Structures are given as structure tokens and as C-alpha cells.
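Sequence positions in the sequence shown follow my numbering and run 33 to 421. Built from N, CA and C at the ideal position, the CB exists for glycine as well. Computed from a prediction, not measured in an experiment: that's the story for all the values here. Below is one structure; the comments refer to it alone.
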Amino acid sequence: MTISSYLFVQKRSAATTLRQPKEIGYYSKNKDEEFLVNDNSKLNFYYMPDSDLDRQLDLSGGIKKFKDATVAAIRDPCTLEGLLSTLGTYEKKKAKKVSADIITFRGIMRKLISAAFDSPKFNTVDLIILSFDGQLFIKEVQQAKPPGATTNSLEYRSYYSGYKFETLATISKPLPFVSRETLEKRPKKIVSNGEQFVSVVRSGVGNCKLVLGAEVDCIFDFKEDSSTNLKHYAELKCTKGVNSFADARNFEKKIFRTWLQCFLVGINRIIYGFRDDRFILKSAEEFTTSEIPVLLKTNSGPLANACMDAIKWYGALTEWLLATIPRENGSLEAKAFTLTFDNNHLKLNELAKDHPNYESVVNGDEVLTREFRDWRKSLANASTQGVNF
């Protein structure tokens, strides 16, 4: 009998206990779309002196030379390969499977939590969940990219300005190792979004333990040679300045979504760049993730209690997934499910064997890489034979 289940977005859990996020690994993705495990070469450092804010920096400058990796990507941009390679390396070092119920990206969990606050029109959820070796691996289904907006459109300029702000506000090395010439030429640097630094974090809500991969924009101050760098990471965002009541309400929605991103993996510093209608950078303001719930509550708007509400929904949806999807620890026979968001509910369906992608999902490398499957198989065999690595 195939499994089919629904979860209405009004559902809430009484469990609001959160596990302290801890970084267990990281990787870099380079311009050739290679994943480099335990490599921080693509981790940037924050640099935005007050003097730069007086330079009338144009956040639409260089837009026609933008190297948009989402358009030119060769690999599936939704792949779990880098996350799985990092997880495998961690497990080999520990000689045991990571203690987790759900393994996915931070962005996917943010989408699922946002289902309680957004409509499917603005928050598309199209996921594959693979139950394997007692754990749930969640991957986003690659979507056909709609025809791109022209570089002169407001939509595209707004999209580009976020990456431009990141380029202006970061340097590739700590300040003492960067030349004056490099600093001065930042406004002319070609913007690209292909290279990434991704932190792999273990966290949890209620009784559910998660491993989440999360792209990190930059280090705010300095990096430690330890697993405590979450407190040094910062999230960079860019938006139109707040000049009216409507702007304020719109910014509350944006900063709530940013809070979701950051609280999930324990990043506690958010830096917003504010621009005018001509896309000139006017100011930069720093927020702590922990102050945002207080900020929203103080403003007494529609999102006054949204942060606690989000945590209760987070608990409810993870409880539902773990209770609904069979997970047999040690079983290397995979079972696949689809998860979508429709109207006012999440819809979970077991993937039918006659589905065109069934074989590649269940037995191929659509979700899990062959390397990761082989590693887990060797770990299971060693466990049954009492072998120590």
C-alpha cells in the first residue's frame, strides 16, 4: 500500500526546544563546479568601511557582465553532492554514521517553514525525499528556468543588486593580506554567483535531529581553527531603503525570512545594505539574529509573533515527516517520496514505481551519490561483522 499524507499549515507543535547548532564540516564550490571538502578557499571576509558609503556606489553597475551561475550551470544546481561528500568525510573520521534524522539544505527547510506564511505562488515547494539507512535525505527538484527578465528591468536589477552588494562588501582574504589596489578596484569587479562556501551544521528541533548545508556569505571578523566559526559568520542582504509605513511592513517580511535562514544554522549576524530607487548604496546596518523576534514584536505588525509561530510549525512538520515516512535503521533499500505545497497544506506521496525518474531516484544518483551509498554499505557491513575502522 502506497503512502499518501497531508499536513495543513495551521498545524503547530508544542515542542519548541531547539538544539544548539554546531558546525561539523564545510566545503567550497569553485568556478568549475567542483566540490572541495574541508576547503575554505571560497570563504570571504566582510569589508565595508564607512568611507565606502560616501562613494555613491552603484549596485546596478556591471550588470551586463554578470556571470549568473543559475543560467550557465552544467551540474544540477540542486545536487546534494557537496553536502554528502562532506558528511562522508566526517563519518569516516568518526568511524560511525552521523546522528541525524533529516539531511538537507538550509534553504529547503526555510521553504518548508515559509509554507505557513506564504502562498504556493510565492513559495514553490517541489521536493524529493529519500528514506535510506534510517535517515531522510531531502533534495529540491530542479525547475525549468523561466525566460529571463531583461537587464534593464526592475526585477532583474533588484536580483543583481544583492550579488553586487556581496561583491562590494567582501574581500577574499583578511584585510592585512589585501592590496590597496584590490580594495580600490572592488566596484569594477565582475559579479559572479557561481563560487560558494557552504557550512555543514548539525541542529535540531524537538526530538528531530538535522544536518543542514548552508551557504555562508562571509566571515565578519576572523576565522578560528575550530568548530566554533558559526559565531563569526554573517549573512549579507540588500534591499530598498525604508522611507514609508509600507516600506517598513515590506522590510519586516524580508527580515523575518532572513531570520529564518540564520536561526536554522546558528548564524547570529545579519548585515543589510540599503539602496535608493536609483540603486545607489546609501547605508549598511547590522542586526543580530536574536534581536529580530523582539524587533518584530515591538512593531506590533502582522509578524509580531511569527518567530515563535515558525518554530512551532518547524516542530510540527518535522514530527509529521518522521512519523509518516518509514525509516529502518541499517536498511540500504531506499524508498522515495514527493513533497509539494498546494493551497493550505503540504502533500506527501510515495513515488510510484512507474514514475519516469523512479530508478534514478531510488537506485541511481539523482539524490544520493554512488560514493555515499557505497560508504554507507561498507559501514553497515563493518557493523554487522564487528569491524572497527
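My understanding is that residue i touches residue j, with C-beta atoms under 8 Å, so please give their C-beta distance in whole angstroms.
i: Glu230; j: Gly114; result: Note that residue 230 is Val in the sequence shown here, rather than Glu. Their Cβ separation, rounded to whole angstroms, is 6 Å, which keeps Val230 and Gly114 in contact under 8 Å.
i: Ser235; j: Arg359; result: In fact, because the Cβ distance is near 19 Å, the residues do not count as touching under 8 Å.
i: Ser193; j: Cys270; result: 5 Å
i: Ile135; j: Phe169; result: 5 Å
i: Leu112; j: Lys171; result: 5 Å
i: Ala338; j: Lys43; result: The pair is not a contact, with the Cβ atoms about 16 Å apart (cut-off 8 Å).
i: Thr34; j: Glu398; result: At roughly 19 Å, the Cβ-Cβ gap does not stay under 8 Å, so Thr34 and Glu398 are not in contact.
i: Asp133; j: Gln167; result: 6 Å
i: Phe404; j: Val157; result: Going by Cβ atoms, the distance from Phe404 to Val157 rounds to 24 Å, so no, they are not a contact pair.
i: Lys73; j: Ser60; result: Note on identity: in this sequence residue 73 is Ser, with Lys being the wrong assignment. Ser73 to Ser60, Cβ: 5 Å. Contact.
i: Leu242; j: Ala368; result: Actually they are not in contact, since the Cβ atoms of Leu242 and Ala368 sit about 19 Å apart, beyond 8 Å.
i: Glu391; j: Leu335; result: About 44 Å; that fails the 8 Å criterion.
i: Phe77; j: Lys205; result: 7 Å
i: Thr370; j: Ile160; result: 6 Å
i: Gly226; j: Lys99; result: 6 Å
i: Ala316; j: Leu85; result: 7 Å
i: Phe295; j: Thr321; result: 6 Å
i: Ala246; j: Arg138; result: 4 Å
i: Ala148; j: Val41; result: 4 Å
i: Val232; j: Gly57; result: 4 Å
For residue i and residue j, what's the separation of their Cα atoms in angstroms?
i: Lys220; j: Asp90; result: 10 Å
i: Pro152; j: Pro388; result: 25 Å
i: Leu39; j: Phe197; result: 38 Å
i: Leu353; j: Ala266; result: 30 Å
i: Ile17; j: Val248; result: A query on residue 17 cannot be resolved here, the shown segment of the chain reaching from 33 to 421 and no further.
i: Ala366; j: Ala384; result: 13 Å
i: Phe254; j: Ile222; result: 25 Å
i: Thr182; j: Pro109; result: 22 Å
i: Met80; j: Ser146; result: 31 Å
i: Leu313; j: Ser211; result: 24 Å
i: Ser131; j: Asp406; result: 19 Å
i: Ile343; j: Asp308; result: 34 Å
i: Glu256; j: Lys272; result: 34 Å
i: Ser427; j: Leu68; result: Not covered by the structure: residue 427. The range shown for the chain is 33 to 421.
i: Cys240; j: Thr350; result: 7 Å
i: Trp244; j: Asn413; result: The residue asked about is misnamed: residue 244 is Leu in this sequence, not Trp. Rounded to the nearest angstrom, the two C-alpha atoms are 27 Å apart.
i: Trp345; j: Asn375; result: 16 Å
i: Leu364; j: Ala355; result: 19 Å
i: Gly396; j: Val173; result: 15 Å
i: Ser45; j: Lys125; result: 36 Å
i: Ser259; j: Asp386; result: 45 Å
i: Thr202; j: Ser37; result: 45 Å
i: Met340; j: Phe209; result: 43 Å
i: Glu65; j: Ala104; result: 11 Å
i: Asp71; j: Tyr122; result: 13 Å
i: Asn184; j: Asn282; result: 23 Å
So, with DSSP's three-state summary, where would you put residue i?
i: Thr52; result: Note on residue identity: the sequence assigns Gln, not Thr, to residue 52. If DSSP states are grouped into helix, strand and coil, Gln52 belongs with the strands.
i: Ser363; result: coil
i: Val233; result: strand
i: Tyr79; result: coil
i: Gly93; result: coil
i: Val69; result: strand
i: Glu382; result: strand
i: Arg307; result: strand
i: Phe369; result: strand
i: Gln175; result: coil
i: Cys250; result: strand
i: Lys221; result: coil
i: Arg335; result: Residue identity differs from the one stated: residue 335 is Leu in this sequence, not Arg. In this structure, Leu335 counts as coil in the three-state DSSP scheme.
i: Asp374; result: strand
i: Phe40; result: strand
i: Lys153; result: coil
i: Phe404; result: helix
Which first and last residues belong to the beta strand (DSSP E) in which residue i is found?
i: Lys272; result: Tyr265 to Lys272
i: Ala280; result: Unbroken run through Ala280 is the alpha helix (DSSP H), Phe277 to Val297; no beta strand (DSSP E).
State the start and end residues of the unbroken alpha helix (DSSP H) segment that holds residue i.
i: Cys339; result: Ala338 to Thr356
i: Ser193; result: Leu186 to Ala201
i: Asp158; result: Asp158 -> not in any alpha helix (DSSP H); beta strand (DSSP E) instead, spanning Asp158 to Phe164.
i: Ser392; result: Tyr390 to Val394
i: Phe209; result: Counting along the chain, Phe209 falls outside any alpha helix (DSSP H), and DSSP gives it neither H nor E.
i: Leu144; result: Arg138 to Ser146
i: Ala316; result: No alpha helix (DSSP H) contains Ala316, which is instead part of the beta strand (DSSP E) from Leu313 to Thr320.
i: Leu328; result: Ile324 to Asn331
i: Thr102; result: Ala101 to Ala104
i: Glu113; result: Glu113 to Lys126
Contact between the region 324–340 and the region 277–294: three or more CB pairs below 8 Å?
yes
Stretch pair the region 178–197 + the region 87–105: three plus CB contacts closer than 8 Å:
yes
Would you call the region 252–267 and the region 300–314 touching, i.e. three or more CB-CB distances under 8 Å?
yes
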